[in-house]
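Okay, so here's the structure we're looking at.
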Amino acid sequence: MPTYKFEAMDTTGGEVKDSVDATSEEEAQQKIRQMGYFVTRLTEVAAKTGKKGAKKKAEVKKGKKGKVMTLGGVKSKDLVAFTRQFSVLQDAGLPVLRSLKILEGQMRPGSLKNALIDVVEDVESGNTLSEAFGKHPKCFDRLYVNMLRAGEAGGALEVILRRLAEFKEKAQKLAGRVKGAMIYPCVIVGVAVAILSFIMIFIIPKFEKIFADFKIKLPWITEMLIGVSRWFMRYWYTLPLFPLAFWLTLKLIRLNKAGAYVLDKVKLQIPVAGGIIRKTIIARTTRTLGTLISSGVPILEALSICRETCMNMVFEEAFNRIYESIREGETISAPLKESRLVDDMVVNMVDVGEETGDLDTMLNKVADVYDEEVDVAVASLISLLEPIMIVVLGLIVGTIVIAMFMPMLALLEGLSGGKK
């Protein structure tokens, strides 16, 4: 009969560690409940006999068969759904291992399912949950693993998972709003480029042929437009290379630390868009820091994780100064104010949070405020882009019309003069 090691709480809230013999995991849970304990963790002891060893190998082999070849990492949407489901199962009082098996069984084939197969195997072997998750950094980042470790250490895994699920959902919502707002202008620009390319390749050459037949002297603007049209006809296939070359240039510049710093600083200086980028980073980092602190992660470790989530060298440098300030026993608010990357409101709220010992709450409030400001800024950007795009497209179309009709008017004047 298999033996199950368990961790549980008694009626007074004290922690109990023991083992029980049972034919199945369900029977083991029933026996533990009959003892008057509430199960928090249940693990089957590794089999020692040859028969049990063979059975264990067969189970591992079966689990490995559930894996599929995958490319890339885990989608944010899938990770958010998994975290929320895991949190709900833990709130319902299910053992960790059983919860993981349920989620792994209903998961679609992919990177996350592959990781969960390994996690289940590691937890069955006696590893802690954070250790098992930490072996898959492509699926579960440092923030995820450290929060799980804090939850295990504090005996409040279900609370930590709930916070983690809420954090992931808010982060995904913020990213989704920004990406969704960019769809409209990208579609408009794409359609405009397609229409202008059609005009340059198919319409302008017909006018050029008419002008050549009548041997009209063309204005400079018309000659320039015809030259652009000829280039389009000959080298249209190079158009996609321009954005690609621009992207590769930025990548090459980013290989150098100084170049990456300059690019990130320039991004923050772009009118309107730079403000959105800055506010998005502040919202993400303050929520990350607040969530980690409230979960019991040490402040220095929390700052190190936040530094990695910035994705901007200017903010990373600011977090480095904050990190050093904390190491020397000083406050967060002083180096934060010196960085001039955040408003005075943020500095004051952080200062109040440090004085009252309620820093995590203040940081989450800052994140909420900046989430709302990002919404307003994105809406303002869309409102600003619409008239700008209309004016630019109007100027381009107007230039084409003028360039084509100037020689046409000269031709009509010449024909009317010839009749007289």
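Position 57 (the sequence shown) corresponds to 57 in this note's numbering; numbering is contiguous.
From the three backbone atoms N, C-alpha and C, an ideal C-beta is built for every residue, glycine too.
Remember, it's a predicted structure, so these values are computed and weren't measured experimentally.
Neighbourhood of residue i by C-beta distance below 8 Å, restricted to the same chain and skipping five residues each side
i	result
T286	V346, L363, N364, V366, A367, Y370
I32	F6, A8, V20, V39, L42
A181	V378, A379, L381, I382
R278	L268, L341
K62	Its pLDDT being 44, under 50, K62 is placed unreliably in this model, and the value from its coordinates should be taken loosely. Counting only Cβ-Cβ distances below 8 Å, and skipping sequence neighbours, we find nothing.
V45	P2, T3, Y4, K5, S19
V123	T43, V96, L97, L100, L129, A132
Helix, strand or coil at residue i according to DSSP, with G and I counted as helix
i	result
D21	strand
L42	strand
E15	strand
M295	It is worth fixing the name first, because residue 295 is Ser in this sequence and not Met. If DSSP states are grouped into helix, strand and coil, S295 belongs with coil.
V346	helix
I277	helix
P407	helix
L218	coil
G151	helix
G398	helix
M35	coil
C306	helix
D78	helix
I366	The amino acid occupying residue 366 in the given sequence is Val; Ile does not appear at that position. Helix.
T331	coil
F140	coil
V272	coil
D91	helix
G357	coil
L225	helix
G290	helix
V341	Here residue 341 turns out to be Leu, not Val, going by the sequence shown. The answer is coil: DSSP assigns L341 none of H, G, I, E or B.
P109	coil
L412	helix
K64	For K64, the pLDDT reaches just 49, beneath the cut-off of 50, and the residue's location in the model is therefore unreliable, although a value from the coordinates is still provided. Looking at K64 - three-state DSSP - the assignment turns out to be helix.
Nearest-angstrom beta carbon gap, residue j and residue i [assumed within contact, 8 Å]
i	j	result
A403	T222	5 Å
M82	L112	Correcting the residue type first, residue 82 is Phe in the shown sequence and not Met. Indeed, because the Cβ distance is near 6 Å, the residues count as touching under 8 Å.
L164	M147	5 Å
K138	V80	Going by Cβ atoms, the distance from K138 to V80 rounds to 16 Å, so no, they are not a contact pair.
I293	L359	6 Å
R177	S87	R177 to S87, Cβ: 23 Å. No contact.
L332	E354	Correcting the residue type first, residue 332 is Ile in the shown sequence and not Leu. Indeed, because the Cβ distance is near 6 Å, the residues count as touching under 8 Å.
T309	L143	7 Å
S304	Y323	7 Å
L225	I204	6 Å
K276	V374	The residue you asked about is not Lys; residue 276 is Ile in the sequence shown. Confirmed, about 6 Å.
In DSSP terms, what residue i is bridged to
i	result
Y4	V20, E44
Same chain, Cβ closer than 7 Å to residue i, five either side skipped, listed in chain order
i	result
A273	L381
L263	L250, I253, R254
E104	K113, L116, I117, V120
L102	Residue identity differs from the one stated: residue 102 is Ile in this sequence, not Leu. Result list for I102: L89, in chain order.
P219	M406, P407
V145	S130, F133, G134
L196	I396
L385	P185
I216	P407, A410, L411
F207	M404
F232	S197, M200, I201
6 Å CB neighbourhood of residue i in its chain, flanking five on each side removed
i	result
R307	E316, F319
V60	Residue placement at V60 is flagged as unreliable, the pLDDT there being 43, under the threshold of 50; a coordinate-derived value is accordingly withheld.
V297	N146, A150
S339	A318
E158	Q90, D91
Delimiting residues of the alpha helix (DSSP H) encompassing residue i
i	result
I160	157-198
E324	313-327
F242	241-254
D264	257-269
K101	96-106
I203	That residue, I203, is in no alpha helix (DSSP H); it is neither H nor E in DSSP.
S130	129-134
S125	Neither: S125 is in no alpha helix (DSSP H) and is coded neither H nor E.
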